[in-house]
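Read the structure below first, then the notes.
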DNA sequence: CTGTTAGCGCGTTCAC
DNA sequence: GTGAACGCGCTAACAG
């Protein structure tokens, strides 16, 4: 009922709708006095421009979409928080799409990149298929990848290989040589339907660190399973029940490292005296569990992704030639879950 | 460039735009043959109706807004997951507004309830001021409160008083009489800027359980602080350092219970032999920490909120008279963090 | 059943 | 500087 339109305002201020529109979009071509009159009419009537009409007219939506896989994982949450925080200052709406199944991913990839829905897109972790990248380009929807890269898209990411390498080198420096690795499933098939690449990248870093130190790789020291504490718990039990259990475990996430901590507790391994454990992410609980880990700037990465996207949104596809791939720094956070291996092991 | 409109489709199918629109909105008034022709034209040209135009024409946005305070807390996340999940099946967009400061809350309360932005609103935990409720009603925006109640709004919630009571009665039944309570700050002033009511409700439940068992209440057994593991850790240290420490602690959230578990570990209290701890929420880690807790149906509550909202959206403000207040069941989840108190304590 | 036309509310020419 | 008219893409009401 109380739907004031631009026309009502115009009438009240005794001007044409064009003038009101100009005031709204602060065009310089309005006399100061007229502007005042319009402004006060707007205030009086509590007029708010209708976003949809504006969108239709402009061909913009004033919303940015965020596609996130398993947005309930602590690391994803923290990234989303960064995104929301940066976005809230801009007036852009924030549309969230959660992906937990292939089916849903395909639906979203098919539906989301429609110009009428969003002005820009941030995709977290997921690898966009070329068909999507192409559609996005054709529709002129700026996109930035977060925690993932693609030759044709801007992105904000970290070097997972390097991060894993830092973690494992830390263990090697302490004197460990039997180092286990617990990760999500590295596979391009059914066991990894969403095609996450992080587990493999961190695996490569793990292998690289071992290779540099001339430590032979033993496949039985690498255990894979779904990304969850309870599975990591099981994997760690396996690892620690071997004849020659590892003296240290690198888990590809803090969540999984916590599973390993519990397994150690179950089997009576003292951490770190008998078993060192290092995680990845530095989620909040890591600090209170005294978990040594690799910190990645999750919140900041969300903020940076938004900044990057906004830049693209502003210069309107002018210099789309130069791609930006920004790599954020990683940091080893030393706590009490790692130390030198037990003597004679 | 590839923006096919309804007119292009009409031309290709040799019909008028009206017919295409009818097919789109599956009106019965179209001959099967004609419908086929239009459908195939749509498929051929990969036509997707422009959502904004549709919204403008219909006066609907096809988006629902969700206002959540500290959406990164595990319990909130779980609710959001329920909401996202229920919403994804409907075609409604999901716009998230995170509130962490009074300023931001006020901004959001002022800006969000504009008909042009959202068709419906879900507010989590926050207490909407009357001015907002009134504006919402005037603008005809159906709203449901989640985990909160208001005399004029539909809601989905649980009985926090009852939940706390169940928790504390469990401890009392085990034989405990010195029972500590760790909660967020109960205050209407600066320390609780967002005016959360849950801490007080659970406090009332705590008191009620004590009173029923004729156990005197000792104020020094109630510690309050910001909602975070690390603060709860400190509060638990305080509690356990008293001359006569409690034999059991009820924490108003699992997150805080975990802080208490750590404090027990730090001070060398065996859980549960020397100290029972019970939490609230049943978040994922609770299971792996063997934490006894009160489970509330977080995911389901999100789903139910969406369902309730959709109902309102459909019957278009016809029978807005009968308010719906749905209370979801709570459940005591017994694990290994509680047992009878040590003998002679 | 179907084509045509008038809005939805705003931004944007174009003349004045 | 400013007002009037047109168009964004779609739905709905109206003739046929």
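Residue numbers (our numbering), protein chains in the order written: chain A, 1 to 345; chain B, 1001 to 1345.
Glycine is no exception: its CB is placed at the ideal position from the N, C-alpha and C atoms.
Treat the numbers as computed from the prediction; the structure is a model and nothing was measured.
Near residue i, what residues of its chain come up, given a Cβ to Cβ distance below 8 Å and the 5 sequence neighbours on each side ignored?
| i | result |
| --- | --- |
| residue 1112 of chain B | 1065, 1067, 1097, 1118, 1121 |
| residue 943 of chain B | Summary: the structure shown does not reach residue 943 of chain B, with chain B confined to residues 1001 through 1345, and so no result is reported for it. |
| residue 207 of chain A | 217 |
Would you say residue i reaches chain A, if we count a Cβ-Cβ gap shorter than 8 Å as a contact?
| i | result |
| --- | --- |
| residue 1095 of chain B | yes |
| residue 1133 of chain B | no |
| residue 1169 of chain B | no |
| residue 1027 of chain B | no |
| residue 1039 of chain B | no |
| residue 1088 of chain B | yes |
| residue 1335 of chain B | no |
| residue 1285 of chain B | yes |
| residue 1230 of chain B | yes |
| residue 1104 of chain B | yes |
| residue 1123 of chain B | no |
| residue 1247 of chain B | no |
| residue 1084 of chain B | yes |
| residue 1072 of chain B | yes |
First and last residue of the beta strand (DSSP E) that includes residue i?
| i | result |
| --- | --- |
| residue 121 of chain A | 120-124 |
| residue 243 of chain A | No beta strand (DSSP E) contains residue 243 of chain A, which DSSP labels as neither H nor E. |
| residue 224 of chain A | 222-224 |
| residue 98 of chain A | 93-99 |
| residue 1182 of chain B | 1179-1183 |
| residue 1281 of chain B | 1276-1281 |
| residue 1146 of chain B | 1143-1146 |
| residue 1325 of chain B | 1325-1327 |
| residue 1169 of chain B | Unbroken run through residue 1169 of chain B is the alpha helix (DSSP H), 1160-1174; no beta strand (DSSP E). |
| residue 157 of chain A | 154-157 |
| residue 1250 of chain B | 1248-1251 |
Note down the Cα distance separating residue i from residue j, rounded to an integer number of angstroms.
| i | j | result |
| --- | --- | --- |
| residue 295 of chain A | residue 1204 of chain B | 41 Å |
| residue 1030 of chain B | residue 1018 of chain B | 10 Å |
| residue 220 of chain A | residue 242 of chain A | 9 Å |
| residue 58 of chain A | residue 1191 of chain B | 44 Å |
| residue 286 of chain A | residue 1006 of chain B | 55 Å |
| residue 1041 of chain B | residue 37 of chain A | 51 Å |
| residue 238 of chain A | residue 256 of chain A | 14 Å |
| residue 103 of chain A | residue 43 of chain A | 48 Å |
| residue 1385 of chain B | residue 1258 of chain B | No statement about residue 1385 of chain B is possible, as the shown extent of chain B runs from 1001 to 1345 and does not include it. |
| residue 1134 of chain B | residue 1074 of chain B | 31 Å |
| residue 315 of chain A | residue 1152 of chain B | 47 Å |
| residue 131 of chain A | residue 1149 of chain B | 47 Å |
| residue 244 of chain A | residue 223 of chain A | 15 Å |
For chain B, check one thing: does any of its Cβ atoms lie closer than 8 Å to the Cβ of residue i?
| i | result |
| --- | --- |
| residue 52 of chain A | yes |
| residue 300 of chain A | no |
| residue 15 of chain A | no |
| residue 98 of chain A | yes |
| residue 262 of chain A | yes |
| residue 233 of chain A | yes |
| residue 288 of chain A | yes |
Using a Cβ-Cβ cutoff of less than 7 Å, which residues in the same chain neighbour residue i once the five nearest sequence positions on both sides are dropped?
| i | result |
| --- | --- |
| residue 260 of chain A | 182, 232, 236, 249, 251, 277 |
| residue 108 of chain A | 67, 97, 99 |
| residue 1309 of chain B | 1064, 1120, 1122, 1142, 1144 |
| residue 1093 of chain B | 1062, 1063 |
| residue 1166 of chain B | 1294, 1330, 1332 |
| residue 313 of chain A | 119, 120, 142 |
Tell me which same chain residues have a C-beta within less than 6 Å of the C-beta of residue i, skipping the five on either side of it?
| i | result |
| --- | --- |
| residue 1282 of chain B | 1293, 1295, 1333 |
| residue 136 of chain A | 113, 143 |
The alpha helix (DSSP H) with residue i in it runs from where to where?
| i | result |
| --- | --- |
| residue 189 of chain A | Segment: none, residue 189 of chain A is in no alpha helix (DSSP H) and carries neither H nor E. |
| residue 1267 of chain B | 1254-1267 |
| residue 1299 of chain B | 1298-1314 |
| residue 1295 of chain B | Segment 1292-1295 is the beta strand (DSSP E) holding residue 1295 of chain B; no alpha helix (DSSP H) there. |
| residue 1006 of chain B | 1006-1012 |
| residue 1055 of chain B | 1051-1058 |
| residue 1034 of chain B | 1032-1045 |
| residue 1024 of chain B | 1017-1024 |
Pop quiz: residue i and residue j are said to be a contact at Cβ under 8 Å. What is the actual Cβ separation, rounded to whole angstroms?
| i | j | result |
| --- | --- | --- |
| residue 1326 of chain B | residue 1304 of chain B | 6 Å |
| residue 184 of chain A | residue 226 of chain A | 7 Å |
| residue 1288 of chain B | residue 229 of chain A | 6 Å |
| residue 1328 of chain B | residue 1077 of chain B | Not quite, the Cβ-Cβ distance comes to about 17 Å (not below 8 Å), so this is no contact. |
| residue 1201 of chain B | residue 1160 of chain B | 4 Å |
| residue 1052 of chain B | residue 56 of chain A | 5 Å |
| residue 246 of chain A | residue 179 of chain A | 6 Å |
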